[in-house]
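I have placed the structure first, in the form of structure tokens, so that the comments after it can refer back to it.
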Amino acid sequence: MAVKVKRSGATACTASAQYTTNNGTAIAGSDYTSTSGGLTWASGENGTKTFNVPILQDTVYESTESFRVDLSNINGSDGGSYTSAQVNISDDDPADTTPNAFSFTAVTNAAPSTVYASNAIIVSGLESGYNDTAISVSSGTYSLNGAAYIGAAGTVKNGDTVTVQTTSSASYETTVKAKLTIGTATGTFAVTTRTADTTPDTFSFTAVTGAAPSTVYTSNSISVSGLESGYTGTAMSVSGGMYSLNGAAFTAAAGTVKNGDAVRVQGTSSASYDTKITAKLKIGTASGTFAVTTSAADTTPNAYSFAAVTGATPSTVYTSNSITVGGLSPGYTATKLSISGGKYSLNGAAYTNAAGTVKNGDTVTVQATSSASYSTKVTAKLKIGTASGTFAITTRAADTTPDAFSFAPVTGATPSTVYTSNTVTIGGLEPGYAGTAISVSSGQYSLNGAAYTSVAGTVKNGDTVKLQTTSSASYNTKVTATLVVGTSSALFDVTTAQAPGTPLGSAFLVNTYMSVTEASAVASDSAGNFVVTWMSKGQDSSGWGIYAQRYDADGSPQGSEFRVSEFRGKPFTSIDQYSSPAIAGDAAGHLVVTWTSYDQDEDGSGWGIYAQRYAADGSPQGSEFRVSTYTSGDQYAPAVASDSAGHFVVAWMSNGQDNSGWGIYAQRYTADGSPSGSEFRVNTYTSGGQYAPAVAGDSAGHFVVTWVSSEQGDSGQGICAQRYAGP
Numbered sequence: 013m014a015v016k017v018k019r020s021g022a023t024a025c026t027a028s029a030q031y032t033t034n035n036g037t038a039i040a041g042s043d044y045t046s047t048s049g050g051l052t053w054a055s056g057e058n059g060t061k062t063f064n065v066p067i068l069q070d071t072v073y074e075s076t077e078s079f080r081v082d083l084s085n086i087n088g089s090d091g092g093s094y095t096s097a098q099v100n101i102s103d104d105d106p107a108d109t110t111p112n113a114f115s116f117t118a119v120t121n122a123a124p125s126t127v128y129a130s131n132a133i134i135v136s137g138l139e140s141g142y143n144d145t146a147i148s149v150s151s152g153t154y155s156l157n158g159a160a161y162i163g164a165a166g167t168v169k170n171g172d173t174v175t176v177q178t179t180s181s182a183s184y185e186t187t188v189k190a191k192l193t194i195g196t197a198t199g200t201f202a203v204t205t206r207t208a209d210t211t212p213d214t215f216s217f218t219a220v221t222g223a224a225p226s227t228v229y230t231s232n233s234i235s236v237s238g239l240e241s242g243y244t245g246t247a248m249s250v251s252g253g254m255y256s257l258n259g260a261a262f263t264a265a266a267g268t269v270k271n272g273d274a275v276r277v278q279g280t281s282s283a284s285y286d287t288k289i290t291a292k293l294k295i296g297t298a299s300g301t302f303a304v305t306t307s308a309a310d311t312t313p314n315a316y317s318f319a320a321v322t323g324a325t326p327s328t329v330y331t332s333n334s335i336t337v338g339g340l341s342p343g344y345t346a347t348k349l350s351i352s353g354g355k356y357s358l359n360g361a362a363y364t365n366a367a368g369t370v371k372n373g374d375t376v377t378v379q380a381t382s383s384a385s386y387s388t389k390v391t392a393k394l395k396i397g398t399a400s401g402t403f404a405i406t407t408r409a410a411d412t413t414p415d416a417f418s419f420a421p422v423t424g425a426t427p428s429t430v431y432t433s434n435t436v437t438i439g440g441l442e443p444g445y446a447g448t449a450i451s452v453s454s455g456q457y458s459l460n461g462a463a464y465t466s467v468a469g470t471v472k473n474g475d476t477v478k479l480q481t482t483s484s485a486s487y488n489t490k491v492t493a494t495l496v497v498g499t500s501s502a503l504f505d506v507t508t509a510q511a512p513g514t515p516l517g518s519a520f521l522v523n524t525y526m527s528v529t530e531a532s533a534v535a536s537d538s539a540g541n542f543v544v545t546w547m548s549k550g551q552d553s554s555g556w557g558i559y560a561q562r563y564d565a566d567g568s569p570q571g572s573e574f575r576v577s578e579f580r581g582k583p584f585t586s587i588d589q590y591s592s593p594a595i596a597g598d599a600a601g602h603l604v605v606t607w608t609s610y611d612q613d614e615d616g617s618g619w620g621i622y623a624q625r626y627a628a629d630g631s632p633q634g635s636e637f638r639v640s641t642y643t644s645g646d647q648y649a650p651a652v653a654s655d656s657a658g659h660f661v662v663a664w665m666s667n668g669q670d671n672s673g674w675g676i677y678a679q680r681y682t683a684d685g686s687p688s689g690s691e692f693r694v695n696t697y698t699s700g701g702q703y704a705p706a707v708a709g710d711s712a713g714h715f716v717v718t719w720v721s722s723e724q725g726d727s728g729q730g731i732c733a734q735r736y737a738g739p
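Heads up: the sequence shown at position 344 corresponds to 356 in our numbering, and the numbers run straight through without jumps.
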């Protein structure tokens, strides 16, 4: 800052002065730089001398401040009337006219055309001490520190309180904003009027049902109420139809309504049967629907049916008779057609199972495939509208009558013993059919060699079946197991033997030639068949002969009696030709008969032992043959035994062969009648006579020979025995 000092008046001499700055409200070092110095004017010089006082700058707004400049040591002048001056410093920085943020709480749901005052705000954040920040308002008035509301601009400072006032709009849902400006900032006081009541009282339209298709229907009239009183701007619109307001022409254009208005709705029914259309009228925030539903089409056709198929071949396509659709609504083409369990053909088109539609006059046939199983029904159900008809196909019954089969009965069974039948093979059933029933009563069955069971099952051609049952615990009692296969059955009878010692029928005569008979013998096989042999005198016209008769297990003769011995000797001599027959058989019924024959070889050797073998059917096996090979003296009283395989042994008495009178000798044979080794002596004790041999064998061929021995035990006669290994 330049400070000027002026010399005036007389200038005849030199003049000088000292100057110094001194603080006032301005402070050296903060607001200005302390300065001092001197000024000189030459003689005859006057005017102004200038010196500078540096002013210090900052960015803070300050009010006007001052400091003094004092003159001292003034020479060549009287100093005049001014030796001190005040220097003012005016701040060139702008004042802070941006207050702290302020706001007014908005008013909502305000009544129309009503004065509303804002909340009060306190001014802050302006330049401290600065009182001239501008304040103004638009679209309202303000009150400063509680004074009257004004609309004229003014000034504020920190700490002032301000409220804003404005009048709400005369319209609903409309905002009025009063804008207050303080310095460089603004705040808005918004007042929004409430929403008009555009929810009318509930209204409704009576629905129309059974309407004729494509026909215009008009609803009942409703009177609008419940809206904002006096408010005429509630929106009204319609969709799906038209409306009439207060009797005016029907229109679909949007409009407005007020309380008391009368409204009707109009809609056109659907062109389709059983179809609903809706015309929806909206008034403000509410709506009502006018529904028009057409009558249902007649979808109940005249009764129809399909002829059932019986005796059908499995897995075969069958086609029904054709039916013609009738009884539906005339001209209606949308009656639904569907099928389950098959296919249909409409008017001769390709068969399909897709749903479709029919009309009067259409023709329909149904097609279905018969079951893969026998005696099984499948049904294809055709539905037309509300009615249905069934096409039934039943396959023929499978052939469950097998070829005849039987089980051999068991007789003479051991009580309480399990017996198994012969095996039968099933045949004659439906080819490829595996469902023929099999069941058993009073026993069990084994199918194809599986475990025995009494549970019912199924069989097919080629299966093998055996039965098993347990014989009665009582003698002479029959137990019957019945096997049922399909429609046929067979019995497996198991009859227990007579109680031991029980006569089987009455005594019966074996021989038919009624002359003199003696010395019979009998043998039986494992099945109970038996043969009786005996001596018969004169029957062969040559004295005594050996005869036999075969019987089955129940005692019935098998053929006639027959002669065993072929050699006849001399007729009716005083010497008997044959004597002492004996017989034995194996398990299969093969027989061997032995006897004593006199002078059969006509060599003068006396009595010898002979035999004849027979098959199970009674036919001779070869010719009779001599058993004893020692021919000196007599051989007499043969005995014979056989094992289960047909091996046999013959024992007899032989006189003089062991050089001590009678001895016991034997000969073993194979099943084909060949000698097994040579004849051999049975007795080892040779003193005294050995008589009356007997022989028995088991199934494995072991045998034992018994006889009467004289003097062997020094006590007269004794019974001796000798065991032999077989076969």
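Just so it is clear, CB atoms sit at the ideal spot from N, CA and C, and this is done for glycine as well.
Alpha-carbon to alpha-carbon, residue j and residue i
i, j, result
"Tyr229", "Thr369", "30 angstroms"
"Tyr736", "Tyr648", "22 angstroms"
"Pro225", "Ser125", "54 angstroms"
"Pro421", "Thr507", "8 angstroms"
"Tyr457", "Leu394", "48 angstroms"
"Thr465", "Tyr431", "14 angstroms"
"Thr398", "Lys348", "9 angstroms"
"Asp411", "Ser387", "11 angstroms"
"Gln702", "Gly709", "21 angstroms"
"Tyr610", "Ser644", "13 angstroms"
"Ala519", "Ala485", "28 angstroms"
"Ala657", "Leu459", "33 angstroms"
"Met13", "Gly88", "27 angstroms"
"Pro199", "Ser251", "Contrary to the premise, residue 199 reads as Gly rather than Pro in this sequence. Each residue's Cα considered, the two are about 46 angstroms apart."
"Pro593", "Thr606", "6 angstroms"
"Tyr445", "Val543", "50 angstroms"
"Gly730", "Ser722", "6 angstroms"
Three-way DSSP call (helix, strand, coil) for residue i in this model
i, result
"Ala410", "coil"
"Asn143", "coil"
"Asn131", "coil"
"Val576", "coil"
"Pro650", "strand"
"Ser48", "strand"
"Glu240", "coil"
"Val13", "The amino acid at residue 13 is misidentified as Val; the sequence shows Met. Looking at Met13 - three-state DSSP - the assignment turns out to be coil, as it is neither helix nor strand."
"Ala694", "At residue 694 the sequence reads Val, which differs from the Ala that was named. Here Val694 sits in coil by DSSP."
"Thr585", "With a pLDDT of 41 at Thr585, under the threshold of 50, the modelled position of this residue cannot be trusted; read the value that follows with caution. It is coil, neither helix nor strand."
"Tyr400", "Just to set this straight, residue 400 is Ser in the shown sequence, not Tyr. Ser400 falls in the strand class under three-state DSSP."
"Leu340", "coil"
"Gly21", "coil"
"Gly597", "strand"
Beta-bridge partners of residue i, as assigned by DSSP
i, result
"Asn667", "Trp674"
"Asp82", "Thr32, Ser96"
"Gln702", "Ser721"
"Pro569", "Tyr563"
"Ala535", "Val543"
"Phe715", "Gly709, Tyr736"
"Asp505", "Thr492"
"Phe63", "Val15"
Exposure label - residue i; buried when at least 16 CB within 10 Å
i, result
"Ala627", "exposed"
"Pro143", "The displayed chain sequence assigns Asn, not Pro, to residue 143. It counts as exposed."
"Ile438", "buried"
"Asn695", "buried"
"Phe692", "exposed"
"Ile162", "exposed"
"Pro705", "buried"
"Val236", "buried"
inquiry  = For the structure I just gave you, are there three or more beta carbon pairs, one from the stretch 405-425 and one from the stretch 320-332, closer than 8 angstroms?
reply    = yes
| Stretch pair the stretch 255-273 + the stretch 171-185: three plus CB contacts closer than 8 angstroms | no
**Prompt:** Do the stretch 333-351 and the stretch 286-306 meet, that is, are 3 or more Cβ pairs less than 8 angstroms apart?
**Reply:** no
Exercise. Are the stretch 315-328 and the stretch 290-300 touching, with three or more C-beta to C-beta distances below 8 angstroms?
Worked result: no
Checklist entry - Using 8 angstroms as the Cβ pair cut-off and three pairs as the minimum, do the stretch 285-293 and the stretch 358-372 touch? => result The answer is no - the stretch 358-372 does not touch the stretch 285-293, with fewer than three Cβ pairs under 8 angstroms.
**Prompt:** How do the stretch 253-260 and the stretch 272-279 stand: do at least 3 beta-carbon pairs fall below 8 angstroms, yes or no?
**Reply:** Short answer: they touch.
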